[in-house]
Amino acid sequence: MTLEIHPLLAQRRSPRAIDPNRPVPREVTQRLLEAARWAPSSGNSQPWRFVVVDAPDALARAREALHPGNQRWANRAPLLLLICANPQDDGDINGQPLYLFDCGLAAENLLLQGTAEGLVVHPMAGWDENIMRTAMGVPDPYRVVVVIAVGYPGRLEDLPEDLQKRETAPRARKPLSELTHYNGW
Ligand SMILES: Cc1cc2nc3c(=O)[nH]c(=O)nc-3n(C[C@H](O)[C@H](O)[C@H](O)COP(=O)(O)O)c2cc1C
Numbered sequence: 001m002t003l004e005i006h007p008l009l010a011q012r013r014s015p016r017a018i019d020p021n022r023p024v025p026r027e028v029t030q031r032l033l034e035a036a037r038w039a040p041s042s043g044n045s046q047p048w049r050f051v052v053v054d055a056p057d058a059l060a061r062a063r064e065a066l067h068p069g070n071q072r073w074a075n076r077a078p079l080l081l082l083i084c085a086n087p088q089d090d091g092d093i094n095g096q097p098l099y100l101f102d103c104g105l106a107a108e109n110l111l112l113q114g115t116a117e118g119l120v121v122h123p124m125a126g127w128d129e130n131i132m133r134t135a136m137g138v139p140d141p142y143r144v145v146v147v148i149a150v151g152y153p154g155r156l157e158d159l160p161e162d163l164q165k166r167e168t169a170p171r172a173r174k175p176l177s178e179l180t181h182y183n184g185w
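Sequential numbering of the sequence shown, starting at 1, is according to UniProt numbering.
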């Protein structure tokens, strides 16, 4: 890391090695959701709704909705968290819907709380929304915004080989100089 940032931000990452045999206690899950709940939102609209998936039958149904690439590792997660939202519960600004932005902030709160708790917390966009909504009974007009795989760290050698390489690769980002304009674009 070029510049020092808060250790929690520096440590947060999206690992895939998860221990399938160590469940996440409900009180830990509650703290993750509590962290998400305290995220800022436009007009304090709090559009996020959470679906906790930690029972074997529900997990089996939710896992069906994951894209195959995610099933390869996320099927070992003992907990899947869905962040859902009703787009009508939030406004838009300059034609840009805000519910996605607000849910993103809630998700990052959750990821950071999970990081602080020593958990693997890995957000996923790779799932079929219709299958997920049906599997979890998410009613209209709620949308599933993100699915987060959660668990305690597992053994690297239990991952498929290509994912082991990705797991240990250094995290990379574009340089700030490529991203930033001062006093105008
Ligand atoms: C909205 C969103 C969707 C993502 N979807 C997936 C996914 O479907 N599968 C996956 O393995 N990782 C997914 N990721 C994780 C990203 O690949 C990861 O955050 C990125 O490579 C940066 O790595 P880091 O989180 O370890 O810093 C997603 C992340 C975000 C924020």
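Backbone N, C-alpha and C define an ideal beta-carbon position, used for all residues, glycine too.
The model shown is predicted, which means the values in this text are computed figures rather than measured ones.
{"Check": "Would you say the beta carbon of Arg63 is closer than 7 Å to some non-hydrogen atom of ligand 1?", "Outcome": "no"}
{"Check": "Let me know the secondary structure DSSP gives Asp92 once reduced to three states.", "Outcome": "strand"}
{"Check": "Give me whichever residues DSSP pairs with His181 in a beta bridge.", "Outcome": "His181 pairs with nothing; no bridge assigned."}
{"Check": "Tell me which residue opens and which closes the alpha helix (DSSP H) that Val28 is part of.", "Outcome": "26–37"}
{"Check": "Name the DSSP beta bridge partners of Pro97, please?", "Outcome": "Asp92"}
{"Check": "For Ser177, count the other beta carbons within 10 Å of its own beta carbon; 16 or more makes it buried, fewer makes it exposed. Which is it?", "Outcome": "exposed"}
{"Check": "Using the C-alpha atoms, what's the distance from Ala107 back to Pro87?", "Outcome": "16 Å"}
{"Check": "Considering only residues of the same chain and omitting the five flanking positions on each side of Leu98, which have a CB-CB separation below 7 Å?", "Outcome": "Ser42, Asp90, Gly91, Asp92"}
{"Check": "Which residue from Asn70, Pro20, Gln113 puts its Cα closest to that of Leu8?", "Outcome": "Gln113"}
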